[in-house]
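Comments concern the structure below.
Numbering (our numbering), first residue to last: 29 to 164.
Shown next, in the form of structure tokens:
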């Protein structure tokens, strides 16, 4: 029953609106210190006191349907515990992230914006077209 008291305590600290938003997006209520905000508007939090180990850092995405592809490389390394240094907005890690051109900020797979290569090869299988004989 500790999750009930923990959730009630977090609702008391966060407020009803933020608690309902966290339950809808994270599936849990969490209270922590705002560590930083990235260029997309995502907010990064941390709480070492009440959370379990390796579950004490989390992100609240700017969009309701957030995607892990919207996390910048510096924040991704902080979120995955590769580093304890909070990324500075003026220092972009040298990962080659921004050098290939436009950074779209989300994963367009299964949307109209997904990449589809141009195909010049004839299809090997032709679609079946029924031929109806006219009645006499």
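Positions of the beta carbon are idealized from the N, C-alpha and C atoms, including for glycine.
This one's a predicted model, so the numbers in the text were calculated from it and none came from an experiment.
Under 8 Å, do residue i and residue j count as touching if we go by C-beta distance?
i	j	result
residue 186	residue 114	Here the chain comprises residues numbered 29 to 164, so residue 186 is not present and cannot be evaluated.
residue 61	residue 73	yes
residue 70	residue 88	yes
residue 53	residue 92	yes
residue 80	residue 109	no
residue 67	residue 100	yes
Just list the residues that DSSP pairs residue i with in beta bridges.
i	result
residue 153	According to DSSP, residue 153 bridges with nothing at all.
residue 71	65 and 88
Just tell me which of the options has its CA closest to the CA of residue i.
i	options	result
residue 31	105, 57, 92 and 102	57
residue 95	46, 142 and 135	135
residue 78	33, 144 and 164	33
With 16 as the cutoff for other CB atoms within 10 Å, does residue i come out buried or exposed?
i	result
residue 40	exposed
residue 111	exposed
residue 156	exposed
Near residue i, what residues of its chain come up, given a Cβ to Cβ distance below 8 Å and the 5 sequence neighbours on each side ignored?
i	result
residue 42	50, 57 and 59
residue 150	none
residue 162	none
Quick one: residues in its chain with C-beta nearer than 7 Å to the C-beta of residue i, no 5 flanking neighbours on either side, listed in chain order?
i	result
residue 35	57
residue 142	136
residue 47	38, 39 and 57
Excluding the 5 residues preceding and the 5 following residue i in the sequence, name in chain order all residues of the same chain whose CB lies nearer than 6 Å to its CB.
i	result
residue 159	none
residue 107	85
residue 154	none
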